[in-house]
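Engineer: Mapping of the sequence shown onto the numbering used here: position 78 corresponds to residue 207, and the numbering continues sequentially without gaps.
Below is one structure. I have some questions about it.
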Amino acid sequence: MLKKIFLELLKEKSITPDAKKCFDITKNFLDNFKCEYINKDGTSNQILSKIYNDTGIHFAFCGHIDVVPAGDGWDSDPFLPVENNGIITARGTQDMKSGVAAFLYACKKFNGKNIRKISIILTSDEEGDGKNGTILALEYLAKNNDLPDLAIVAEPTCEKYFGDSIKVGRRGSIHANIKIIGKQGHAAYPEKCINPVHIGANALSLIAGKNLDEGNEFFEPSKIVITNLKAGIGASNVTPNDFLISLNVRNSPLTNKDDLEKYLKKCLGNINYELEIKQGSEPFYTNTDSKLIKTLIKSLKDMGIENPNLNTKGGTSDARLLAKFGVEVCEIGVVNDKIHAVNESVEFEQVELLSECLLKLLNNL
130 MLKKIFLELL KEKSITPDAK KCFDITKNFL DNFKCEYINK DGTSNQILSK
180 IYNDTGIHFA FCGHIDVVPA GDGWDSDPFL PVENNGIITA RGTQDMKSGV
230 AAFLYACKKF NGKNIRKISI ILTSDEEGDG KNGTILALEY LAKNNDLPDL
280 AIVAEPTCEK YFGDSIKVGR RGSIHANIKI IGKQGHAAYP EKCINPVHIG
330 ANALSLIAGK NLDEGNEFFE PSKIVITNLK AGIGASNVTP NDFLISLNVR
380 NSPLTNKDDL EKYLKKCLGN INYELEIKQG SEPFYTNTDS KLIKTLIKSL
430 KDMGIENPNL NTKGGTSDAR LLAKFGVEVC EIGVVNDKIH AVNESVEFEQ
480 VELLSECLLK LLNNL
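Structure (structure tokens):
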């Protein structure tokens, strides 16, 4: 039954934000769950829920059924899954239809003895900009005073084998553009020009690679990474009119947008410039002594998997949105070594282990 729904989801060409028939598949699989939709501007969000008891925890699983485009060079059709020696190849096998299939199957088998309610939050726009994705579902739940207490996002998080890694947080992402303003002119007459590259060189040396904090046990330092430099019109005898410096900071909770802005202004001093800063996503961290993390570690131990690495590596995920609403959240999923790649694949045994782990988690809470 687990493999059947996994293969059914993989066959759907659900490239962001098109859900295709994925939500029909999930709804039919958990046909005793209440089903609600929150859709906007081509993005589909589905909430499946079931009440088990009058009291206890409201637990949620969160995930996405959309995938990135397949690209060229596959050995087989990326939307016709192929199994060979226990390995299934198709787009979305790791990211993250494996996680969706695993928690759907765990919910199917769960007897409901310890938990008040289970909700499953699914979106078709996690790989895109996400502005009409999971955030809308959470706003809907908040409006109805029905936010979950605890949640798992079943993104692919493990490194070498299932259970070796749990994401207890994620770094945020801050983008900034600095435009240093000069005066264009002939390179033979530098005294008649204001060269913004020359003006910005000293500031650039202070900015590039700068650590804004020292990091901690779970977060690397928040480092300024220069992502683009642009100046000039392409002619070797014309000085630029302006110099654009683009940068990104993957920030821990130790540094925020205001800290970056303050540091950049200090570096830039009194030169003529324009500055734009945008917080793309917020960082989050779930205390490793929390009920969720402790219970997940116990569930892995029950399976003979001990000492998972608790970390915050990688980019962003929808877990940050759950954390923003005060939901205690972490991430665990299959091995992440082929996501977004040609011939993306997963060992089906990992999907089975993930589902077993999530069922044990529900029973252990």
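Glycine is no exception: its CB is placed at the ideal position from the N, C-alpha and C atoms.
No experiment lies behind these values; they were computed from the predicted model shown.
What is the DSSP secondary structure of Glu485, reduced to helix, strand or coil?
Structural biologist: Working through the sequence shown from its first residue, we reach residue 485 at position 356. In the structure shown, Glu485 sits in a helix (DSSP, three-state: H, G or I).
Engineer: Restricting to Cα atoms, I'd like to know which of Asn331, Pro285 and Glu165 is closest to Leu270.
Structural biologist: As a working mapping, residue 270 is identified with position 141 in the sequence shown. Minimum Cα distance to Leu270 is reached at Glu165.
Engineer: Using a threshold of 8 Å, state whether the C-beta atoms of Leu138 and Ile194 are closer than that.
Structural biologist: As a working mapping, residue 138 is identified with position 9 in the sequence shown. As a working mapping, residue 194 is identified with position 65 in the sequence shown. Going by C-beta atoms, Leu138 is nearer than 8 Å to Ile194.
Engineer: DSSP beta-bridge partners for Asn440?
Structural biologist: As a working note, residue 440 is residue 311 in the sequence shown. DSSP lists Lys296 as partners of Asn440.
Engineer: Is there a Cβ of chain B sitting closer than 8 Å to that of Glu481, yes or no?
Structural biologist: Of the protein chains in the structure, only one exists, and it is not chain B.
Engineer: Tell me the residue span of the alpha helix (DSSP H) that contains Ala330.
Structural biologist: Position 201 of the sequence shown holds residue 330. Unbroken alpha helix (DSSP H) run through Ala330: Pro325 to Ile336.
Engineer: For Cys151, tell me which candidate among Asp170, Lys169 and Asn174 has the shortest Cα-Cα distance.
Structural biologist: As a first step, residue 151 is located in the sequence shown; it is residue number 22 there, counting from the start. Selected option, being the one with the closest Cα: Asn174.
Engineer: Taking the DSSP output, what are the residues bridged to Val282?
Structural biologist: Locating residue 282 in the sequence shown gives position 153, where the first residue counts as 1. Paired residue(s): Cys191 and Glu460.
Engineer: For Val480, which of Phe291, Ala337 and Lys308 has the nearest alpha-carbon?
Structural biologist: Position 351 of the sequence shown, counted from the first residue, corresponds to residue 480. Measuring from the Cα of Val480, the nearest candidate turns out to be Phe291.
Engineer: At the level of alpha carbons, what is the spacing between Asp254 and Asp224?
Structural biologist: In the sequence shown, the residue the question calls residue 254 occupies position 125. In the sequence shown, the residue the question calls residue 224 occupies position 95. Cα to Cα, Asp254 sits roughly 13 Å from Asp224.
Engineer: Name the two residues that bound the continuous alpha helix (DSSP H) containing Leu233.
Structural biologist: Taking the sequence shown and counting its residues from 1, one reaches residue 233 at position 104. Per DSSP, Leu233 belongs to the alpha helix (DSSP H) from Lys226 to Lys238.
Engineer: Taking DSSP's pairing of strands, which residues face Val354 in a bridge?
Structural biologist: As a working mapping, residue 354 is identified with position 225 in the sequence shown. Asn377, per the DSSP bridge assignment.
Engineer: According to DSSP, which residues form a beta bridge with Thr172?
Structural biologist: Taking the sequence shown and counting its residues from 1, the one referred to as residue 172 is at position 43. In DSSP, Thr172 forms a bridge with Lys169.
Engineer: How would you write the range of the alpha helix (DSSP H) that Arg449 sits in, first residue to last?
Structural biologist: For the purposes of this step, residue 449 is taken as residue 320 along the sequence shown, with counting starting at 1. Note, Arg449: alpha helix (DSSP H), Ala448 to Lys453.
Engineer: Helix, strand or coil for Asn493? Go by DSSP, reduced to three states.
Structural biologist: Counting from one through the sequence shown, the residue named residue 493 turns up at place 364. In this structure, Asn493 counts as helix in the three-state DSSP scheme.
Engineer: So, under 8 Å CB-CB, Gly192 and Leu251 are touching, yes? Tell me the CB distance rounded to an integer number of Å.
Structural biologist: Here the question's residue 192 lines up with position 63 in the sequence shown. Here the question's residue 251 lines up with position 122 in the sequence shown. Yes, Gly192 and Leu251 are in contact; Cβ-Cβ is about 6 Å, under 8 Å.
Engineer: Enumerate in chain order the residues of its own chain whose CB-to-CB distance from Arg300 is below 7 Å, with the five nearest sequence positions on each side excluded.
Structural biologist: Position 171 of the sequence shown, counted from the start, is the residue given in the question as residue 300. The residues are Phe348, Arg379, Asn380, Ser381, Pro412 and Thr441.
Engineer: Restricting to Cα atoms, I'd like to know which of Asp466, Lys427 and Ser484 is closest to Pro437.
Structural biologist: Translated into positions along the sequence shown, residue 437 becomes position 308. If we check each option's Cα against that of Pro437, Lys427 comes out closest.
Engineer: What does a CB cutoff of less than 8 Å around Asp89 pick up in its chain, not counting 5 residues either side in sequence?
Structural biologist: The structure shown does not extend to residue 89, since the chain is modelled only from 130 through 494, so no value can be given for it.
Engineer: Would you check if there are 3 or more beta carbon pairs closer than 8 Å linking the stretch 222-239 to the stretch 468-485?
Structural biologist: Yes, they touch.
Engineer: So, helix, strand or coil for Asn161, using DSSP?
Structural biologist: Stepping through the sequence shown from its first residue, residue 161 is reached at position 32. It is coil, neither helix nor strand.
Engineer: Using a Cβ-Cβ cutoff of less than 7 Å, which residues in the same chain neighbour Pro198 once the five nearest sequence positions on both sides are dropped?
Structural biologist: Position 69 of the sequence shown, counting from 1, holds the residue named residue 198. Contacts found: Ile144.
Engineer: DSSP on Ile426, reduced to helix/strand/coil?
Structural biologist: Within the sequence shown, residue 426 is the residue found at index 297, counting from 1. Note: Ile426 maps to helix in three-state DSSP.
Engineer: I'd like to confirm something about Thr415: is its beta-carbon nearer than 7 Å to some heavy atom of the ligand GTP, or not?
Structural biologist: Looking for the ligand GTP in the displayed structure turns up nothing, as the structure carries no ligands at all.
Engineer: For the alpha helix (DSSP H) holding Glu411, just list the boundary residues, first then last.
Structural biologist: Counting from one through the sequence shown, the residue named residue 411 turns up at place 282. Looking at the DSSP string, Glu411 is not in any alpha helix (DSSP H), and its letter there is neither H nor E.
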